[in-house]
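Trainee: The opening position of the sequence shown corresponds to residue 24 in my numbering, with each subsequent residue numbered one higher.
Idealized CB from N, CA, C, for every residue including glycine.
This is the structure I have questions about; it appears just below.
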Amino acid sequence: MAANNEIAAIRSIVPTECNSYIDLDEPGRYWSNNSGSLICDNYDPKFVNNKWYRFVGGAGRMMASYCIPKSSCSTHRSSWINGDHPTSLYTTVTTTVCMHWSSDCCQRSYPVDITQCDGYYVYKLQKPTGCYERYCDVDECTAGTHDCHASATCTNTVGSFTCSCKPGYTGDGKTCCNGKLS
């Protein structure tokens, strides 16, 4: 019985948004995608102000915290976070989403809350007011936001990344040991 109470206590501290969000899983959300078709989140019925969203699958894992190239992720105004993601589990930060267009990395902006859940982030996004604007994912290896071991190599993939131990190390890439695993 004590084990069940402990699990219930742990779950009670998990913010609601970590269990109740809308998936953004379209591969076209990945920053380097340029399918030739322009897509606008303003017309996407899943976007409603003040709802929580999570990047998953081919869409990636998180938004960039640096200005990504305009016309990325199959749109004109590409989005990025003008601030940092939270660094502690179950904490939330409030910052700004910028839309890059023309020579202005933050031509248009929207407020955003970001919560760090257990292994992922969720974003309280606003429905964009114009076209062509879209929420985009990033290359975690370049951004340094991956969870590969220090003795591993991070390889970016569409919508995610992989970790592999460097020569002379063994493990799954998230944990690497010099020599044999015991």
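If we require 4 or more residues per run, which alpha helix (DSSP H) segments fall completely within the region 144 to 195?
Mentor: Qualifying alpha helix (DSSP H) stretches, in chain order: 163 to 166.
Trainee: Would you kindly work out how many angstroms separate the C-alpha atoms of LYS69 and ILE45, rounded to a whole number?
Mentor: If you take the alpha carbons of LYS69 and ILE45, they lie about 8 Å apart.
Trainee: How many angstroms separate the CA atom of SER187 from the CA atom of ARG157?
Mentor: Roughly 32 Å between the two C-alpha positions.
Trainee: Can you tell me whether ALA173 is buried or exposed? The criterion is at least 16 other CB atoms within 10 Å of its CB, across all chains shown.
Mentor: Per the 10 Å Cβ criterion, exposed.
Trainee: Buried or exposed: SER95, going by 16 or more other Cβ atoms within 10 Å of its Cβ?
Mentor: Buried, by the Cβ-count rule.
Trainee: Do you know whose CA, among LEU112, SER43, THR115, ILE104, lies nearest ARG131's CA?
Mentor: Of LEU112, SER43, THR115, ILE104, the residue nearest in Cα terms is ILE104.
Trainee: List the endpoints of the continuous beta strand (DSSP E) containing VAL120.
Mentor: VAL120 -> beta strand (DSSP E) spans 115 to 124.
Trainee: Between CYS41 and TYR155, is the Cβ-Cβ spacing less than 7 Å?
Mentor: Not in contact: CYS41 and TYR155 (Cβ atoms no closer than 7 Å).
Trainee: At a Cβ threshold of 7 Å, is LYS69 touching chain C?
Mentor: Checking the listed chains, one finds no chain C in this structure; it contains a single protein chain.
Trainee: Enumerate, from N- to C-terminal direction, the unbroken beta strand (DSSP E) stretches of 3 or more residues contained entirely within the region 40 to 94.
Mentor: Counting whole runs of 3 or more residues, the region 40 to 94 contains the beta strand (DSSP E) stretches 45 to 47, 74 to 78.
Trainee: Measuring alpha carbon to alpha carbon, tell me which residue in GLY51, ARG100, GLY191 is nearest VAL120.
Mentor: Checked all of GLY51, ARG100, GLY191; the closest Cα to VAL120 is ARG100.
Trainee: Tell me the DSSP bridge mates of CYS199?
Mentor: For CYS199, which the question treats as bridged, DSSP gives the partners GLY194.
Trainee: Go through its chain and collect everything with a Cβ distance to ASP48's Cβ below 7 Å, but skip five positions before and after it.
Mentor: Within the same chain, ASP48 has close Cβ partners VAL79, GLY80, GLY81, ALA82.
Trainee: Is the beta carbon of SER102 sitting closer than 7 Å to the one on MET122?
Mentor: The answer is yes: Cβ separation under 7 Å.
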